Amino acid sequence: MLNFTVGPVMSSEAVRAIGAEQVPYFRTPEFSSIMKENEQLVKEFAKAEDSARVVFITGSGTASMEAAVMNVFDNKDRVLVINGGGFGERFAQICQIHDIPHTEIHPAFGCDITPEMLAPYDGQGYTGFLVNLDETSTGVLYNIQLISDFCLRNGIFLVVDSISSFLCDEFDMKKLGVDVMITGSQKALACPPGISLIVLSKKAVDRVNDNHVKSMYFDLKDALKNGERGQTPFTCAVSILLQIHLRLLEIKDAGGVDSEIQRIGGLARDFREKIKGLPFELVSQSMPNAVTSLRPTTAKAFDIFTILKDEYGIWICPNGGELRDTVFRVGHIGALTEADNTTLVDAFKDLQKRNII
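Heads up: the sequence shown is residues 72 to 428, going by the working numbering.
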């Protein structure tokens, strides 16, 4: 199998080997030491302030999206939500479930936000902002500098879902004034799904500690307290946290976050160059490094996904709902190479010879 989805992605042999080992007991000084190093490296790669904290949730990225929202906002807030696709819609749904007053901003399909979209909300008393930095359902990377400037100008608390963009695109949590950053194990960390991470600024930690949350599992106060000793309040996905530790050390040894961003960006550019001349249109003009979103002009997107999976042993990323037959996505994260890009493009060309696309 050759996996070009955007999660779970291809893992290295070393990461997979840890998953084959017996799961160790984790209430030990040795595991605590690993977790403390995990926290430090994530902070370093997110370019967070020294006083920031990292919480590791056993759950998918959506678990940390919900945990973040319910711990830093309440019904006294007024929150802006960028809803330009399936994951922006998820943030809006979370706000609705937790009775957090919110206003949705809807960019056009496949489009970035603009200053004109934010202008009506300047000085209007909004207290929070939620954005999926890489809206992977459409393959759009939003202008985080524009959002940062808007939030800093208005004193707005900024929460960024960087689940698909962490380690892929330039991001400096401290310089951008981001209060909360969310990511997940199954994206550019290239580990199995099951762990999501929340990076909290000092201001966010204070807000968590002051907020009353009606939840046991998702009350981040317990997670922060246990994290001081390198532990989690409940049983965690131990093996995945050990895999994350190895992966973070791999990235550091290979040159750190900037080197990893360059590697993934190079894979994305290589793929986009190789597909020129094929019957695909780019969906977004504001493309992230993690994924390329394509609209086939001569075939149904889901049919291409199915044939590649069943006949070529290659997985691309399908869409659901209204986009099922019109858009597919190709990921550039995980243990992929330019040679793998060539294999996929050769498969596309073979489909073309067979008059399938």
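Beta carbons are placed, not taken as given, at the ideal position from N, Cα and C, and that holds for glycine. The structure presented is a predicted model; accordingly, all values stated were derived computationally and were not measured.
Taking the Cα of Ala139 as reference, the smallest distance to any Cα among Pro367, Ser272, Gly384 and Gln333 is reached at Ser272. Assigned with DSSP and collapsed to three states, Leu260 falls in coil, not helix or strand.
Glu352 carries a strand assignment under DSSP once its states are collapsed to helix, strand and coil. Beta-bridge partners of Phe228 (DSSP): Gly199. Note: Val401 is bridge-paired with Thr363 in the DSSP secondary-structure output. Annotation for Val416: Lys345 and Ile346 place their beta carbon closer than 7 Å to its own, counting only its chain and skipping 5 residues before and after.
A distance below 7 Å between beta-carbons, with the five flanking residues on each side excluded, links His316 to the following residues of its chain, in chain order: Ile105, Glu108 and Asn109. In this structure, DSSP gives Gly384 a state outside helix and strand, which the three-state scheme calls coil.
Beta-bridge partners of Ser267 (DSSP): Ile128 and Gly255.
Secondary structure note for Glu393: it is in no alpha helix (DSSP H), with a DSSP letter that is neither H nor E.
Of the residues assessed, Thr76 falls on the buried side of the cut-off, its CB having 16 or more other CB atoms within 10 angstroms. Per DSSP, Val152 is one residue of the beta strand (DSSP E) stretching across Val150 to Ile153. Pairing Phe289 with Pro100, the inter-Cα distance amounts to about 25 Å. Closest in C-alpha terms to Gly265, from the list Val126, Pro79, Gln423 and Gly130, comes Gly130. Ranked by Cα distance from Leu365, the first of Gln195, Ile128 and Leu394 is Leu394. In the DSSP assignment, Leu189 is bridged to no other residue. Contact check between the stretch 84 to 101 and the stretch 298 to 313: three or more CB pairs, one atom from each, fall below 8 Å, which counts as touching.
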